[in-house]
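**Q** Chain order of the listed sequences is A and B.
Using this note's numbering, read the first sequence as starting at 113 and increasing by one per residue.
Using this note's numbering, read the second sequence as starting at 113 and increasing by one per residue.
2 protein chains.
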Amino acid sequence: MKLLITYDVETITKEGQKRLRLVAKACKDFGQRVQNSVFECDVDESQFVLLKHKLENIIDKESDSIRIYHLKNNSQQSTIIIGKITSYNVESLLMI
Amino acid sequence: MKLLITYDVETITKEGQKRLRLVAKACKDFGQRVQNSVFECDVDESQFVLLKHKLENIIDKESDSIRIYHLKNNSQQSTIIIGKITSYNVESLLMI
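1) What number of angstroms, rounded off, separates the C-alpha of D154 (chain A) from the C-alpha of L167 (chain A)?
2) So the candidates are A:E122, A:I194, A:R131, A:K137; which of them puts its Cα closest to the Cα of E174 (chain B)?
3) When you compare only the Cα positions, how much space is there between D104 (chain A) and M113 (chain B)?
4) Measure the C-alpha to C-alpha separation of N201 (chain A) and A138 (chain B) and round it to an integer number of angstroms.
5) Listed from N- to C-terminal order along the chain, which residues in the region 146 to 174 of chain A have their beta-carbon within a distance smaller than 8 Å of any beta-carbon of chain B?
6) Consult DSSP for K173 (chain B) and reduce its assignment to one of helix, strand or coil.
7) For chain B, find out if any of its Cβ atoms is closer than 8 Å to the Cβ of T125 (chain A); answer yes or no.
8) I need the DSSP call for E127 (chain B), collapsed to helix, strand or coil.
9) Along the chain, where does the alpha helix (DSSP H) containing S187 (chain B) start, and where does it finish?
10) Determine, using beta carbons only, whether L183 (chain A) comes closer than 8 Å to chain B.
11) D209 (chain A) lies in the beta strand (DSSP E); which residues open and close that run?
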C-alpha cells in the first residue's frame with residue numbers, strides 16, 4: 113500500500129528536536145523523503161502496523177501531529193510537483 | 113476531487129516568508145489546513161486549474177517545493193491521525 117506521511121513535531125525543545133529526528137528516521141526505514149516533513153512509503157500490512165506503532169511511541173501526542181494518508185496506487189503518475197524536487201539526508205541536522 | 117497539498121517554502125529571507133504566507137492563503141481559499149504546511153482541498157476541475165496556476169506564480173521554483181496529491185474519495189475514513197489535531201489561523205504569523 114502507498115502511504116503519504118506528513119508530520120509537525122514541536123522543535124522548540126531539545127526533546128522535540130530529538131523526536132523530529134526519530135520520526136524522520138522511522139519513516140526513512142520504510143520510504144522516501146520528498147519534503148522536509150513529508151515521506152512517501154510503499155509498505156505491506158505488517159510494515160504498516162510496525163511503522164504506525166513506532167511513530168505512536170515516538171511522538172508527544174500533546175504537541176506533535178502525524179497524518180498518514182493512503183494514496184492511490186497510481187499516485188506516482190498523478191502527483192504534481194511545482195518547484196524544487198528535494199532529496200534529503202536524514203542524518204544531517206534538519207534545516208527548520 | 114480531493115487533494116492534499118504539501119509545501120516547503122524557504123523562510124530565511126523576507127521574500128520567502130511572504131511567499132509562505134501567500135501559498136497558505138491560496139490553499140486556504142480552496143481547503144482546510146491540517147498541518148503547518150499541509151492543506152486538504154476538495155475542488156472541481158476549474159478550481160484545481162486556478163489553484164495550481166496561483167501556486168505556480170507564487171513560489172520561487174529554485175528554492176520552494178509544492179506537491180499536490182490526488183487523494184482517494186474516501187480519504188476521510190482512511191486517514192490516520194496520531195497526536196495533535198491542529199487548526200490554524202492563516203492570518204496570524206506562522207510559527208516556524
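C-beta: ideal position from N, C-alpha, C; glycine also.
**A** Put simply:
1) Against the first sequence, residue 154 (chain A) aligns to sequence position 42. Against the first sequence, residue 167 (chain A) aligns to sequence position 55. Approximately 16 Å between the Cα atoms of the pair.
2) What you label residue 174 (chain B) is simply residue 62 of the second sequence in a count that begins at 1. Nearest C-alpha to E174 (chain B): A:I194.
3) What is shown of chain A runs 113 to 208, which leaves residue 104 (chain A) out entirely.
4) Mapped onto the first sequence, residue 201 (chain A) falls at position 89. Mapped onto the second sequence, residue 138 (chain B) falls at position 26. At N201 (chain A) the pLDDT is 46, less than 50, meaning the model places this residue with poor confidence; the figure from the coordinates comes in the next sentence. For N201 (chain A) and A138 (chain B), the distance between alpha carbons rounds to 30 Å.
5) V146, Q147, N148, S149, V150, K164, L167, E168, I171, D172, K173, E174
6) Walking along the second sequence from the start, residue 173 (chain B) turns up at place 61. DSSP places K173 (chain B) in coil when its eight states are reduced to three.
7) Residue mapping note: residue 125 (chain A) aligns to position 13 of the first sequence, counting from 1. Taking Cβ atoms only, chain B never reaches closer than 8 Å to T125 (chain A), which makes this a no.
8) Here residue 127 (chain B) refers to the residue found at position 15 of the second sequence. Per DSSP, reduced to three states, the secondary structure at E127 (chain B) is helical.
9) Within the second sequence, residue 187 (chain B) is the residue found at index 75, counting from 1. Per DSSP, S187 (chain B) belongs to the alpha helix (DSSP H) from 187 to 190.
10) For the purposes of this step, residue 183 (chain A) is identified with residue 71 of the first sequence, where counting begins at 1. Yes, contact with chain B.
11) Absent from the model: residue 209 (chain A). The displayed extent of chain A is 113 to 208, so no value can be given.
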